[in-house]
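A quick write-up on the structure given underneath.
Chains as they are written, first to last, in my numbering: chain B, 1 to 406; chain S, 1 to 406.
Here it is as structure tokens:
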């Protein structure tokens with residue numbers, strides 16, 4: 001893409017009214033625009049990163065047998081009354097249709113939709129197990145929304161829901177999702193910083209689990225076992241008497257972290273509310289066992305920026321960068337041929353063909369944070385100056401040398 | 001995909017409470033599930049069709065220079081007060097945040113977001129023209145919602161917004177979008193039935209234009225010029241004294257149709273409300289000229305079903321069918337090898353590996369409407385029986401013969 005065709009401009013100054021690093025950088029670099037507290041527009045660069053994240057997650061969900069569906073944002077309040085969550089879910093947006101007088105809810109999650117849906121198709125143990133997932137915007141009427149993309153009133157989520165004929169089968173799948181999540185966070189580039197974390201299971205399960213990414217911007221505190229790499233959320237550390245639930249080790253270190261995903265054995269919490277049953281091989285009826293597994297995509301966008309930046313800007317992991325190459329020409333037209341060759345070879349290139357000073361172009365490239373910066377100028381002659389974002393050394397190479405990283 | 005892994009089951013009976021052909025067929029065949037009036041879940045098959053339509057539209061939007069963004073559903077009421085539409089837009093969902101006490105609107109369209117957004121990046125004539133598009137759910141508090149996917153309270157739209165330094169430039173781009181739309185409807189498979197239609201331009205433009213697809217399920221009446229193929233919406237036919245606005249011909253025929261797209265020269269309607277100005281080459285400030293261009297994707301899904309079905313089910317145009325082949329085995333395991341070969345060759349195959357009678361499988365295949373039905377049974381031996389949906393004759397072919405349509 002030619003940068004001259006990208007309508008977005010970078011900003012030198014931090015935006016007012018933003019406290020978080022992720023929002024400041026994402027706004028300054030032109031990835032998002034703030035519409036109001038907790039509500040952002042994804043600009044072209046931000047949309048590209050989100051699509052990359054979405055692609056990785058979709059691939060891994062399909063790999064474990066998830067089938068994609070798309071559920072509505074508008075949900076009938078009646079379904080939430082059925083599960084008893086209408087009055088107690090404290091961030092629920094509630095409103096009325098003027099014409100139909102119906103009470104609606106803006107979906108913050110979709111158990112109230114997916115459970116009755118399955119009631120239409122699940123009858124026998126032969127219909128189980130199954131798993132469906134959705135990637136779509138969800139809504140929460142948050143009290144405060146000051147953490148940029150980390151806590152939005154409107155945010156993009158992937159949720160997977162699974163359905164089983166026994167608790168053992170749920171547990172088996174739960175573990176499969178857990179290792180799939182580990183893979184997703186490695187692919188997204190934050191695997192090293194992300195910890196499988198024991199958290200409260202609420203009233204119907206001993207534990208749920210979270211994936212927590214270490215960052216000082218995190219709102220959670222976790223305790224990491226120095227022996228087996230498992231973590232514990234502060235909310236249950238006392239119940240565990242300060243011991244790792246996997247290995248019993250008491251040598252844990254405290255860290256601040258952000259929850260990028262959570263997985264939850266719902267068991268029969270929702271199937272009982274909606275009467276979602278199946279006939280077993282013996283003909284007897286049983287409640288379906290359920291699990292739910294969320295990943296916040298817009299939160300992930302914010303988290304990656306929190307953990308991957310320096311004082312000049314963002315440093316994208318290659319797999320989710322909006323482009324692989326940032327091609328900068330310091331002499332008008334000098335990059336055109338290289339741009340054509342690279343895109344023809346299938347590479348994703350942001351081509352800075354603007355009329356601007358070298359200083360402005362370099363500052364923008366650092367701020368935007370694309371992995372490989374290519375510079376062509378009078379000085380580089382027939383060669384290309386290549387530098388990796390986050391490193392200081394550049395070198396001169398030939399086009400052929402780019403093949404290795406293409 | 002193996003049909004046994006698809007959790008959805010077809011229904012023999014028409015669903016109650018649905019009057020429209022599109023909703024009846026889409027529900028019976030398992031493409032969508034009705035959550036409440038005007039609100040549907042896209043099931044895996046429906047999601048696949050929508051993704052195909054989305055892919056075609058995205059490709060054509062990018063071809064004319066559109067850049068993709070994603071705007072919020074939650075919009076501040078204040079922006080709608082600024083354009084004077086807060087009180088007069090009669091299908092607006094309005095509600096309040098419990099915590100922030102802010103007044104919100106659920107976006108039925110995004111002029112109130114995209115215009116102030118551009119105010120942050122457009123300063124000079126050099127920043128123009130530009131065009132951004134979005135593919136996302138929109139919301140309308142419809143009085144009635146009885147036409148299935150044709151008129152939802154929640155629906156998927158593509159909207160393109162363009163920005164220009166002069167009316168002439170807007171007009172030029174408007175024509176380009178118009179022919180791009182013609183191409184989209186041809187690719188989606190309803191080109192022959194879809195008419196470029198003159199409609200009211202409101203108070204600030206002489207005309208807007210619609211793309212109307214002929215179907216008895218349509219809520220609009222249009223008059224088609226028998227000479228030049230242009231149509232006129234009934235709402236303005238009197239103002240035109242019954243004459244075609246392109247060629248003056250008065251030989252028009254009346255038809256019922258559904259509006260699948262509309263394009264609108266907004267001119268300065270919204271740029272003046274938000275003070276979106278640019279400095280011209282002469283240094284003088286002018287209001288930006290805007291156009292907006294919508295296509296309803298979920299409506300398109302419903303429209304295609306209205307125009308492409310028979311008494312047995314849906315007949316998908318190949319380009320947007322959920323799969324290309326529906327492989328039916330009448331003897332357990334007989335299709336496995338063919339399924340593997342076809343998917344390896346890159347073909348999209350729904351493989352009916354269920355334990356069911358031939359009659360049930362054929363009825364489901366007709367209902368679901370995938371273009372090519374392949375049958376393997378004891379009787380077909382090493383050959384494959386192939387039949388095109390909508391045609392009655394089948395023939396026996398070898399695997400090699402499939403190459404032609406792969």
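We put the beta carbon where it would ideally sit given N, CA and C, even for glycine.
All figures in this text were calculated on a predicted structure; none of them were measured in a lab.
Per DSSP, residue 224 (chain S) forms a beta bridge with which residues? Locating residue 224 (chain S) in the second chain gives position 224, counting from the first residue. Paired residues: S:231, S:253.
If residue 50 (chain B) and residue 301 (chain B) are in contact, beta carbons under 8 Å, what's the gap, nearest whole angstrom? Looking up residue 50 (chain B) in the first chain gives position 50. Looking up residue 301 (chain B) in the first chain gives position 301. Residue 50 (chain B) to residue 301 (chain B), Cβ: 6 Å. Contact.
Does the CB of residue 153 (chain S) have a neighbour CB from chain B at under 8 Å? Reading the second chain from its first residue, position 153 is the one you call residue 153 (chain S). Yes, contact with chain B.
Indicate the three-state DSSP secondary structure (helix, strand or coil) for residue 103 (chain B) in the structure shown. Indexing the first chain from 1 puts residue 103 (chain B) at position 103. Three-state result, residue 103 (chain B): strand.
Span separating the alpha-carbon of residue 330 (chain S) from that of residue 189 (chain B): Position 330 of the second chain, counting from 1, holds the residue named residue 330 (chain S). Position 189 of the first chain, counting from 1, holds the residue named residue 189 (chain B). Computed Cα separation, rounded: 47 Å.
Tell me, which residues are paired with residue 372 (chain B) by DSSP? To locate residue 372 (chain B), count along the first chain from 1; it is residue 372. In the DSSP output, where bridge partners are listed per residue, residue 372 (chain B) has B:325, B:388.
Comparing C-alpha positions only, which one of S:227, S:31, S:222, S:228 sits nearest to residue 237 (chain S)? If you number the second chain from 1, residue 237 (chain S) lands on position 237. Nearest of S:227, S:31, S:222, S:228 to residue 237 (chain S), Cα basis: S:222.
Is it true that the segment 52-63 of chain S meets the segment 76-91 of chain S, where meeting means three or more beta-carbon pairs spaced less than 8 Å apart? no
Using DSSP bridges, identify the partner residues of residue 294 (chain S). Here residue 294 (chain S) refers to the residue found at position 294 when the second chain is read from its first residue. Residue 294 (chain S) is bridged to S:159, S:262.
Is it the case that the Cβ atoms of residue 209 (chain S) and residue 262 (chain S) are separated by a distance below 8 Å? For this step, residue 209 (chain S) is matched to residue 209 along the second chain. For this step, residue 262 (chain S) is matched to residue 262 along the second chain. Yes, these two residues count as a Cβ contact at 8 Å.
According to DSSP, residues forming a beta bridge with residue 76 (chain S): By one-based count along the second chain, residue 76 (chain S) stands at place 76. DSSP lists S:104 as partners of residue 76 (chain S).
How is residue 219 (chain S) classed by DSSP in three states: helix, strand or coil? What you label residue 219 (chain S) is simply residue 219 of the second chain in a count that begins at 1. In the structure shown, residue 219 (chain S) sits in coil (DSSP, three-state: anything other than H, G, I, E or B).
With 8 Å as the threshold, decide whether the Cβ of residue 141 (chain B) is near any Cβ in chain S. In the first chain, residue 141 (chain B) corresponds to position 141, counting from 1. It does; some Cβ of chain S falls within 8 Å.
Hey, out of S:220, S:347, S:266, S:346, whose CA is closest to residue 110 (chain S)'s CA? Position 110 of the second chain, counted from the start, is the residue given in the question as residue 110 (chain S). Looking at the Cα atoms, S:266 is the closest of the given residues.
Name the residues in the segment 334-352 of chain B whose C-beta lies less than 9 Å from a C-beta of chain S; which are they? none
Are the beta-carbon atoms of residue 139 (chain B) and residue 108 (chain B) separated by less than 8 Å? In the first chain, residue 139 (chain B) corresponds to position 139, counting from 1. In the first chain, residue 108 (chain B) corresponds to position 108, counting from 1. Yes, the pair counts as a contact, with Cβ atoms nearer than the cut-off.
Should residue 253 (chain S) go down as buried or exposed, given a rule of 16 or more other Cβ atoms within 10 Å for buried? The sequence position of residue 253 (chain S) within the second chain is 253, counting from 1. By the 10 Å Cβ count, residue 253 (chain S) comes out exposed.
Given residue 126 (chain B), which residues of its chain have a CB within under 7 Å of its CB, disregarding the five upstream and five downstream residues? On the first chain, residue 126 (chain B) is found 126 positions in, with the first residue counted as 1. Answer for residue 126 (chain B): no residue qualifies.
C-beta neighbour in chain S for residue 137 (chain B), strict 8 Å: In the first chain, residue 137 (chain B) corresponds to position 137, counting from 1. It does: the Cβ of residue 137 (chain B) has a partner Cβ on chain S nearer than 8 Å.
Residue 128 (chain S) by DSSP, collapsed to three states: which one? For the purposes of this step, residue 128 (chain S) is taken as the residue at position 128 of the second chain. In the structure shown, residue 128 (chain S) sits in coil (DSSP, three-state: anything other than H, G, I, E or B).
Quick one, are the C-beta atoms of residue 29 (chain S) and residue 328 (chain S) less than 8 Å apart? Reading the second chain from its first residue, position 29 is the one you call residue 29 (chain S). Reading the second chain from its first residue, position 328 is the one you call residue 328 (chain S). No; because the gap between Cβ atoms is not below 8 Å, this pair is not in contact.
So, helix, strand or coil for residue 188 (chain S), using DSSP? Looking up residue 188 (chain S) in the second chain gives position 188. Note: residue 188 (chain S) maps to helix in three-state DSSP.
Chain-ordered chain B contacts of residue 40 (chain S) [CB-CB under 8 Å]: Residue 40 (chain S) sits at position 40 when you count from the first residue of the second chain. Residues of chain B passing the Cβ test: 72.
Does the CB of residue 408 (chain S) have a neighbour CB from chain B at under 8 Å? Any question about residue 408 (chain S) goes unanswered here, given that chain S covers just 1 to 406.
Chain-ordered chain B contacts of residue 47 (chain S) [CB-CB under 7 Å]: Along the second chain, read from residue 1 onward, the residue named residue 47 (chain S) stands at position 47. Correct list: 68, 69, 70.
Going by CA-CA distance only, name the one from B:385, B:268, B:37 that's closest to residue 104 (chain S). The residue labelled residue 104 (chain S) in the question sits at position 104 within the second chain. Measuring from the Cα of residue 104 (chain S), the nearest candidate turns out to be B:37.
Under three-state DSSP, which class holds residue 135 (chain B)? By 1-based counting over the first chain, the position of residue 135 (chain B) is 135. Note: residue 135 (chain B) maps to strand in three-state DSSP.
Leaving aside the five residues before and after residue 74 (chain B) along the sequence, list all residues of the same chain whose C-beta is less than 6 Å from its C-beta, in chain order. One-based indexing of the first chain puts residue 74 (chain B) at position 74. Answer for residue 74 (chain B): 104, listed in chain order.
Comparing the C-beta of residue 383 (chain S) with each C-beta of chain B, is any distance below 8 Å? If you number the second chain from 1, residue 383 (chain S) lands on position 383. Answer no: the Cβ-Cβ gap between residue 383 (chain S) and chain B never drops below 8 Å.
Return the bridge partner residues of residue 41 (chain B) from the DSSP annotation. As a working note, residue 41 (chain B) is residue 41 in the first chain. Paired residue(s): B:33.
Cross-chain neighbours of residue 9 (chain B) in chain S, by beta carbon under 7 Å: Along the first chain, read from residue 1 onward, the residue named residue 9 (chain B) stands at position 9. The contacting residues are 121.
Thinking C-beta only, is residue 243 (chain S) closer than 8 Å to residue 197 (chain S)? For the purposes of this step, residue 197 (chain S) is taken as the residue at position 197 of the second chain. For the purposes of this step, residue 243 (chain S) is taken as the residue at position 243 of the second chain. Contact flag unset, no.
Would the segment 288-304 of chain S and the segment 340-349 of chain S be scored as touching if the rule is three or more Cβ pairs under 8 Å? no
Rounded to whole angstroms, how far is the Cβ of residue 296 (chain B) from the Cβ of residue 155 (chain B), which I believe are closer than 8 Å? If you number the first chain from 1, residue 296 (chain B) lands on position 296. If you number the first chain from 1, residue 155 (chain B) lands on position 155. The Cβ separation is near 6 Å, so the contact holds.
Can you give the Cα-Cα distance for residue 335 (chain B) and residue 353 (chain B), rounded to whole angstroms? Counting from 1 along the first chain, the entry for residue 335 (chain B) is found at position 335. Counting from 1 along the first chain, the entry for residue 353 (chain B) is found at position 353. Computed Cα separation, rounded: 8 Å.
Just checking my contact of residue 161 (chain S) with residue 131 (chain S) at CB under 8 Å: how many whole Å lie between their CB atoms? Within the second chain, the letter at position 161 stands for residue 161 (chain S). Within the second chain, the letter at position 131 stands for residue 131 (chain S). Yes, they are in contact, since the Cβ atoms of residue 161 (chain S) and residue 131 (chain S) sit about 7 Å apart, within 8 Å.
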